[in-house]
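Read in the working numbering, the sequence shown has 233 at position 187, and its numbers run on one by one without any break.
A virtual CB, placed ideally from N, CA and C, is assigned to each residue, including glycine.
Below you'll find the structure, written out as structure tokens, and then a few comments.
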Amino acid sequence: MTIVDRLRPLLREPLVYFLLAGALLFLLIGRGGDNEPADRNIIVGDAEIARISANWERTWQRPPTRAELDRLIDDFVREEILYREALRLGLDEDDTVIRRRLRSKMEFLARAEVESVSPDDATLQEWLDDNAARYAEGARTSFEQVYIGAGGDDGEELAQLRAGADSASVGEPLSVPRSLERASRTDIARQFGEQFAASLDPLEVGGWQGPVPSGFGRHLVRITAREPGEPARLSEIRQRVENDWRTATLDDRQEDAYRALRESYTVEIAGEE
């Protein structure tokens, strides 16, 4: 049997063509500058082995056996080798999925960095002062609300209410009270959600205002009375204030971090001067 006869069955396999094409591409792009010795060293240290073992234990609720751990380490080495070779071949370039995954990872790291920042007392006190109504002890709010749906134009309904229309004849039905009397912030949040409760804080007592968002959609609201309650002390609710501050300022702080990175790049866009 000739060599050609022996190779003929292999040549029918698509995988063979894939490997040959990869090898050809590998040669074409050149390996001279990328073939540093350090790139060929894979060190699986104690920390990496501990991480591999911990991942297994989280899934299976027990540590891996010696044989299982050996297979896990072999799989890690295989993945690392193929990952490095893929980078050498430039397979990560112009791949939208990979770019988005890497962007997501960077945003996750940036978010973790931002969330690790600890605000000082002055920052939290300023936040508490600006949102005093949210934390006041014993504060009560009385209001009426009209549900106007998730979207669309709210101008007509608002004009009707301001002109004196009966609130019961305006808006859409919803399975929450049309009005609450002397309701605490907790009571309001329980019925309409925290977003709605927080949006009532800056509204003035008197006429119809809105739209005010909730988990249901949008509402027009008239505050009929307020009882301010006792101002809260930062020392008593510091963790709650810090949690709220983190949630409310996270997007802004992430954007600040991105802008700091952006300033280190020169970006040229075709068609723009």
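For residue i, report the span of its alpha helix (DSSP H) as first-last.
i    : result
T232 : R231 to F238
E172 : D167 to D176
Y129 : R112 to R134
Y304 : L280 to R308
I88  : Element bounds for I88: n/a, residue is neither H nor E.
A214 : Per DSSP, A214 belongs to no alpha helix (DSSP H) and is neither H nor E.
G201 : G201 to R208
I144 : T142 to E161
Going straight from the alpha carbon of residue i to that of residue j, what length do you get?
i    : j    : result
F122 : Q300 : 33 Å
L71  : E153 : Caution applies to L71, whose pLDDT of 48 falls short of 50 and renders its modelled position unreliable; the value that the coordinates give is listed next. Each residue's Cα considered, the two are about 33 Å apart.
R292 : A278 : 19 Å
A209 : S281 : 46 Å
D298 : A168 : 19 Å
A243 : I234 : 6 Å
E202 : I194 : 10 Å
S245 : T142 : 39 Å
E126 : Y304 : 30 Å
A132 : S164 : 40 Å
P110 : R124 : 19 Å
E314 : D138 : 23 Å
L74  : R146 : At L74 the pLDDT is 44, less than 50, meaning the model places this residue with poor confidence and gives no usable figure here.
V251 : A182 : 17 Å
K151 : A158 : 10 Å
A113 : D120 : 11 Å
D290 : I269 : 24 Å
R130 : I98  : 19 Å
D302 : S162 : 15 Å
D175 : D247 : 13 Å
I283 : E190 : 30 Å
G76  : N87  : With a pLDDT of 47 at G76, under the threshold of 50, the modelled position of this residue cannot be trusted, and the question is left open.
A38  : A100 : Any property of residue 38 remains undetermined from this structure, which presents the chain solely from 47 to 319.
L307 : A156 : 11 Å
L249 : Q255 : 8 Å
I95  : R104 : 14 Å
G136 : L296 : 35 Å
DSSP beta-bridge partners for residue i?
i    : result
W106 : Paired residues: none, contrary to the question.
R186 : E273
G195 : R264
V251 : I269
L226 : F189
What residue does the beta strand (DSSP E) around residue i start on, and which one ends it?
i    : result
I269 : R264 to E273
G256 : W254 to P259
Pull up the CB-CB distance for residue i and residue j, whole angstroms please, since I reckon it's below 8 Å.
i    : j    : result
H265 : V160 : Not confirmed; about 32 Å, so no contact.
Q237 : V216 : No, Q237 and V216 are not in contact; Cβ-Cβ is about 20 Å, not under 8 Å.
D200 : P257 : 5 Å
V263 : A196 : The sequence shown places Gly at residue 263, rather than the Val named in the question. The Cβ separation is near 4 Å, so the contact holds.
W102 : L118 : 6 Å
G261 : Q241 : 7 Å
Comparing the C-beta of residue i with each C-beta of chain B, is any distance below 7 Å?
i    : result
D200 : The chain labelled as chain B is not found in the depicted structure, where only one protein chain is given.
Query raised in the report: Within the chosen definition, does the region 173-191 reach the region 223-230 through at least 3 CB pairs nearer than 8 Å?
Result: Contact between the region 173-191 and the region 223-230 is present, because at least three Cβ pairs lie under 8 Å.
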